[in-house]
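A.B. asks: Before I ask anything, let me first share the structure, which is written out below as structure tokens.
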Amino acid sequence: MSKIMDDFIVEEIAPLSVIEKYKNDIPTKVVEIWEGHGFGSINNGYLRVVNPDYFQEIIKDTYNRHELATPLFTTAMGDILVWEDDYLLSLNYRKHDVNVVAKNFKFFFTDIFDAYYLENALDWSPYPDAIKKYEIPAFDECFGYVPLLALGGAEKVENLKRVKFKEHIYMITELMGKIK
1 MSKIMDDFIV
11 EEIAPLSVIE
21 KYKNDIPTKV
31 VEIWEGHGFG
41 SINNGYLRVV
51 NPDYFQEIIK
61 DTYNRHELAT
71 PLFTTAMGDI
81 LVWEDDYLLS
91 LNYRKHDVNV
101 VAKNFKFFFT
111 DIFDAYYLEN
121 ALDWSPYPDA
131 IKKYEIPAFD
141 ECFGYVPLLA
151 LGGAEKVENL
161 KRVKFKEHIY
171 MITELMGKIK
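Sequential numbering from 1 applies to the sequence shown in full-length UniProt numbering.
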């Protein structure tokens with residue numbers, strides 16, 4: 001897990017109340033990151049370790065199975081990764097899809113540095129090219145397609161803009177409905 005901490009950028013210290021609230025329901029490795037480092041970003045800003053309390057409302061408003069899900073991560077491409085029934089799921093709002101990205105969490109923190117895993121499980125393209133052109137989005141931002149993919153926008157770097165994370169998710173949900 002040390003490679004994760006090599007580029008971890010702390011955004012906020014994790015409050016003890018949050019750690020206590022979730023520690024029995026989420027993977028131990030996540031709790032260890034919260035305790036040792038707090039909330040922040042890894043993998044060149046792509047994956048954000050987040051406070052679940054900040055994302056409970058948006059999950060409730062945008063995901064049909066919200067009562068089973070605990071948000072643990074977001075991505076700089078506008079996804080929320082939730083822990084649900086011993087699976088880590090990616091809520092990919094831009095494509096209106098849910099994908100399993102990890103079972104039981106054993107290899108997740110190793111896999112997130114593997115190019116094949118990043119592309120196929122976390123759908124990270126075109127992030128590397130986008131940060132060259134636009135820089136890494138702030139912790140409360142993500143890249144969003146303009147126009148949205150649902151409105152016929154193309155998946156090209158030229159169509160990406162830095163947008164506010166939550167507002168972007170709500171806009172997609174207003175157009176496409178909740179993720180099922």
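Yeah, the Cβ is synthetic: ideal placement off N, Cα and C, and Gly gets one too.
1) Among the residues of its own chain, which have a CB less than 6 Å from the CB of GLU12, if the five just before and after it don't count?
2) Report the three-state DSSP secondary structure of ALA102 (helix, strand or coil).
3) If ILE136 sits next to ASN44, beta carbons under 8 Å apart, how far is it from one beta carbon to the other, in whole angstroms?
4) Taking the DSSP output, what are the residues bridged to GLU12?
5) Do ILE59 and VAL82 count as a contact pair if the criterion is CB distance below 8 Å?
6) Kindly give me the distance between the Cβ atoms of LEU122 and THR62, rounded to whole angstroms, as I take these residues to be in contact under 8 Å.
7) Candidates ALA115, VAL18, HIS66, PRO71: which alpha carbon is nearest ARG48's?
8) Using the Cβ count rule (16 or more neighbours within 10 Å means buried), how would you classify ILE9?
9) Which parts of the UniProt domain "T6SS immunity protein Tdi1 C-terminal" (102–175) are runs of the alpha helix (DSSP H), unbroken and 4 residues or longer, counting only runs that do not cross its ends?
10) Going by C-alpha distance, which of LYS133, VAL157, VAL163 is nearest CYS142?
11) I'd like the span of the beta strand (DSSP E) that includes ASP79, first residue to last.
12) For TYR63, which of helix, strand or coil comes out of DSSP?
13) Nearest to ILE80 by CA position, among PRO52, LYS106, VAL31, is which residue?
14) Which residues in the same chain have their Cβ closer than 6 Å to the Cβ of PRO147, if we skip the five residues on either side of it in sequence?
C.D. replies: Quick answer:
1) By 1-based counting over the sequence shown, the position of residue 12 is 12. Counting only Cβ-Cβ distances below 6 Å, and skipping sequence neighbours, we find GLY38, PHE39.
2) Here residue 102 corresponds to residue number 102 of the sequence shown, with the count starting at 1. In the structure shown, ALA102 sits in a strand (DSSP, three-state: E or B).
3) Within the sequence shown, the letter at position 136 stands for residue 136. Within the sequence shown, the letter at position 44 stands for residue 44. Indeed, because the Cβ distance is near 7 Å, the residues count as touching under 8 Å.
4) As a position in the sequence shown, residue 12 is number 12, starting the count at 1. Answer by DSSP bridge pairing, in chain order: PHE39.
5) Taking the sequence shown and counting its residues from 1, one reaches residue 82 at position 82. Taking the sequence shown and counting its residues from 1, one reaches residue 59 at position 59. Cβ distance < 8 Å, so VAL82 and ILE59 count as in contact.
6) Here residue 122 is taken as the residue at index 122 of the sequence shown, counted from 1. Here residue 62 is taken as the residue at index 62 of the sequence shown, counted from 1. The pair is not a contact, with the Cβ atoms about 19 Å apart (cut-off 8 Å).
7) Within the sequence shown, residue 48 is the residue found at index 48, counting from 1. Of the candidates ALA115, VAL18, HIS66, PRO71, the one whose C-alpha sits nearest the C-alpha of ARG48 is PRO71.
8) Residue mapping note: residue 9 aligns to position 9 of the sequence shown, counting from 1. Classification for ILE9: exposed.
9) 108–111, 115–120, 127–134
10) Numbered from its first residue, the sequence shown carries residue 142 at position 142. For CYS142, the nearest C-alpha among the options comes from VAL163.
11) Stepping through the sequence shown from its first residue, residue 79 is reached at position 79. Here the beta strand (DSSP E) through ASP79 covers 79–84.
12) Position 63 of the sequence shown, counted from the first residue, corresponds to residue 63. Note: TYR63 maps to strand in three-state DSSP.
13) The residue labelled residue 80 in the question sits at position 80 within the sequence shown. It is PRO52.
14) Against the sequence shown, residue 147 aligns to sequence position 147. Annotation for PRO147: GLY153 place their beta carbon closer than 6 Å to its own, counting only its chain and skipping 5 residues before and after.
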